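Everything in the sequence shown is counted per the working numbering, starting at 6 for the first residue and increasing by one.
Working notes, beginning with the structure itself.
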Amino acid sequence: MKRIVTVVLVFLAVAINAQKTSFKSFYKSHKENAEVSLNVPGFIARMFIDSDDLDEEEVLIKKARNFKILTFTERVDSVSSDFKSFVESSNLKTLVRTKDGKDKAEIFFLEHKNKIREIIIMTEDKGDELVFLGLKTNLSKDEFSFLITEMEKS
6 MKRIVTVVLV FLAVAINAQK TSFKSFYKSH KENAEVSLNV PGFIARMFID
56 SDDLDEEEVL IKKARNFKIL TFTERVDSVS SDFKSFVESS NLKTLVRTKD
106 GKDKAEIFFL EHKNKIREII IMTEDKGDEL VFLGLKTNLS KDEFSFLITE
156 MEKS
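Set out below in structure tokens:
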């Protein structure tokens with residue numbers, strides 16, 4: 006009986022730890038130091054987004070369950086370093102990385118069971134401002150591929 010309880014507790018500890026690799030954990034640990042921190046449920050965000058302006062992004066907006074936004078204007082280097090560590094420890098995959106002088110943008114995603122569970126966008130403006138947007142999603146690989154293909158066209 007003790008072995009079963011021990012196995013169950015170990016399994017729960019691993020499961021809880023696995024859930025903390027989401028952007029939610031990064032958001033929670035940095036929101037106090039952020040200039041702006043917003044956590045908006047998907048249904049509320051969809052009320053304020055004009056669907057007439059959406060084309061390929063509509064799939065993403067409809068499938069997003071939660072939007073987390075963090076903006077930093079101080080300690081940008083420290084937060085950027087923390088985010089790099091978070092990306093490595095969370096096994097996030099890089100989708101796009103672009104740089105123009107000191108400005109840069111990166112898009113990461115987290116895949117689980119053939120579904121894209123999270124998309125994280127990080128932008129840095131001349132080293133003065135750092136913005137993160139985390140989207141909790143449930144996109145299939147086909148939907149994700151469609152989004153990427155359509156974005157490349159525009």
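Built from N, CA and C at the ideal position, the CB exists for glycine as well.
Note that this is a predicted model, so its numbers are computed, not measured.
C-beta atoms of residue i and residue j nearer than 8 Å
i, j, result
"Phe137", "Glu123", "no"
"Met127", "Glu116", "no"
"Ala87", "His35", "It should be pointed out that residue 87 corresponds to Asp in this sequence rather than to Ala. Going by C-beta atoms, Asp87 is nearer than 8 Å to His35."
"Lys98", "Asn119", "no"
"Ser95", "Leu135", "no"
Exposure of residue i, with buried meaning 16 or more beta-carbon neighbours within 10 Å
i, result
"Thr154", "exposed"
"Lys141", "buried"
"Gly139", "buried"
"Val41", "exposed"
"Glu93", "exposed"
"Ser150", "exposed"
"Ile49", "exposed"
Minimum C-alpha distance to residue i - residue among the options
i, options, result
"Glu148", "Ile49, Lys67, Asn44", "Lys67"
"Lys100", "Ser85, Ile121, Val81", "The identity of residue 100 in the sequence shown is Leu, whereas the question assumes Lys. With distances taken between Cα atoms, Leu100 lies closest to Ile121."
"Asn44", "Lys73, Met52, Ser34", "Lys73"
"Asn38", "Pro46, Phe48, Arg80", "Arg80"
"Asp133", "Gly47, Leu144, Phe77, Pro46", "Phe77"
"Gly47", "Arg70, Phe28, Gly106, Leu152", "Arg70"
"Lys89", "Leu152, Ser150, Phe31", "Phe31"
"Lys131", "Leu144, Asp82, Asn143, Ile125", "Asp82"
"Glu129", "Leu144, Leu75, Asn143", "Leu75"
Which residues DSSP lists as bridging residue i, in chain order
i, result
"Ala110", "Thr103, Thr128"
"Asn40", "Reading off the sequence, residue 40 comes out as Glu, not Asn. Answer is none; Glu40 lacks a bridge partner."
"Asn71", "Pro46, Lys141"
"Leu115", "Glu123"
"Leu135", "Phe77, Glu129"
"Lys98", "Phe114"
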